[in-house]
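In what follows, a structure is listed as C-alpha cells, so that the remarks can point back to it.
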Amino acid sequence: MEYARDYSKWYGDKMSGIKEIKLSGIENIIMRQFVILQRSIIKTSVRSQIIDGTKVACDLILLQLMASMIYIIGSKMIVKDAFTIGGLFAFATYSTNVIMPISSLINIRYDMAKILLSAKRLFDFLDMECEDTRKDSMRIKQDEIKGKIVFKNVSHFYRRDNEVLRNVNFEINPGEKAGIVGLNG
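Using the numbering used here, you'd call the opening residue of the sequence shown number 3 and step up by one each time.
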C-alpha cells in the first residue's frame, strides 16, 4: 500500500507538471522513475498475493485434513457398527460448521492488520485541514508583496541542444508586468 500511495502522489505531481516535463526534455528520466515505481508495486502485489494464497491454501489443507480424519475414523466406527452412514455425514457437516468459524478466528489477526492500515490512512486523510479553513495569517496577501524580481544570468533550454535563453538579466519592479515572447508567440 505504501508503494501505491507513493505512486499516486508521484503520478499527480507529474500530471500537473506535464508541460514542464516536456519543455525540460526529461521524459526519459520520468519514464525510468515510472518503471521503478511500477516494479515496486508489482513486487509488493506479488508478495501480497503469495501470502493470501498461502493463507487460503493452509485453510483448505486444514479443512481437508479434518474432513479426512472424520471420514476415516467414522468409517472404522461404521465397520464396527458403532456409527451409521447418516450419522457420519451429519457429523462431518456439523464439524465443517464448527471449523469454519475457528478458521476465521485464526485469520482475524491477518485481516485486522489490513483493516487497521486502511483505517489509519482514512483517518489521516479525514484529519487533514482543508485549504479553505487554514488560518488567514498563513496566506500571503497581494498588497503585502513588496520588492522586485531580479533575473541574473538566467539560461533556459527546452532540450540540451536547444538553448533559448543565455545569461539573460532583467528586473521587474513592483506593479510592472513582464513577458517573454518566443518564436511561437
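Every residue gets a Cβ at the ideal spot worked out from N, C-alpha and C, and that includes glycine. Please read all numbers here as calculations on a predicted model, not as lab measurements.
Alpha helix (DSSP H) segments (min. 4 residues) lying fully within the segment 89–173:
Listed in chain order, nothing qualifies, since the segment 89–173 has no complete alpha helix (DSSP H) run of 4 or more residues.
Tell whether a beta-carbon distance below 8 Å holds between Gly-27 and Arg-123.
No, they are not a contact pair.
Could you tell me which of Glu-22, Asn-171, Asn-164 and Tyr-9 sits nearest to Gln-35, measuring between CA atoms?
Selected option, being the one with the closest Cα: Tyr-9.
For the alpha helix (DSSP H) holding Ala-6, just list the boundary residues, first then last.
Where Ala-6 is concerned, the enclosing alpha helix (DSSP H) starts and stops at 4–18.
Can the beta-carbon of Ala-94 be found closer than 8 Å to that of Tyr-73?
Yes, the pair counts as a contact, with Cβ atoms nearer than the cut-off.
May I ask you to report which of helix, strand or coil DSSP gives Phe-85?
It is coil, neither helix nor strand.
Measuring only the C-alpha atoms, how far is Glu-165 from Ser-42?
Cα to Cα, the separation comes out at about 36 Å.
Helix, strand or coil: how does DSSP classify Glu-231 here?
Residue numbering for the chain in the displayed model covers 3 to 187; residue 231 lies beyond these limits and cannot be assessed.
Beta carbon of Leu-90, beta carbon of Ile-80: below 8 Å?
Yes.
Just how far apart, CA to CA, sit Glu-4 and Phe-153?
Roughly 40 Å between the two C-alpha positions.
Candidates Phe-172, Lys-143, Ile-147 and Lys-148: which alpha carbon is nearest Val-156's?
Selected option, being the one with the closest Cα: Phe-172.
Determine whether the beta carbon atoms of Ile-23 and Glu-29 lie at a separation below 8 Å.
In contact: Ile-23 and Glu-29 (Cβ atoms closer than 8 Å).
For Ser-97 and Met-68, which I take to be in contact (beta-carbon distance under 8 Å), what is that distance rounded to the nearest angstrom?
The C-beta distance from Ser-97 to Met-68 rounds to 6 Å, short enough to meet the 8 Å contact threshold.
Alpha carbon to alpha carbon, how far is Ser-77 from Leu-119? Give it in angstroms, no decimals.
Approximately 47 Å between the Cα atoms of the pair.
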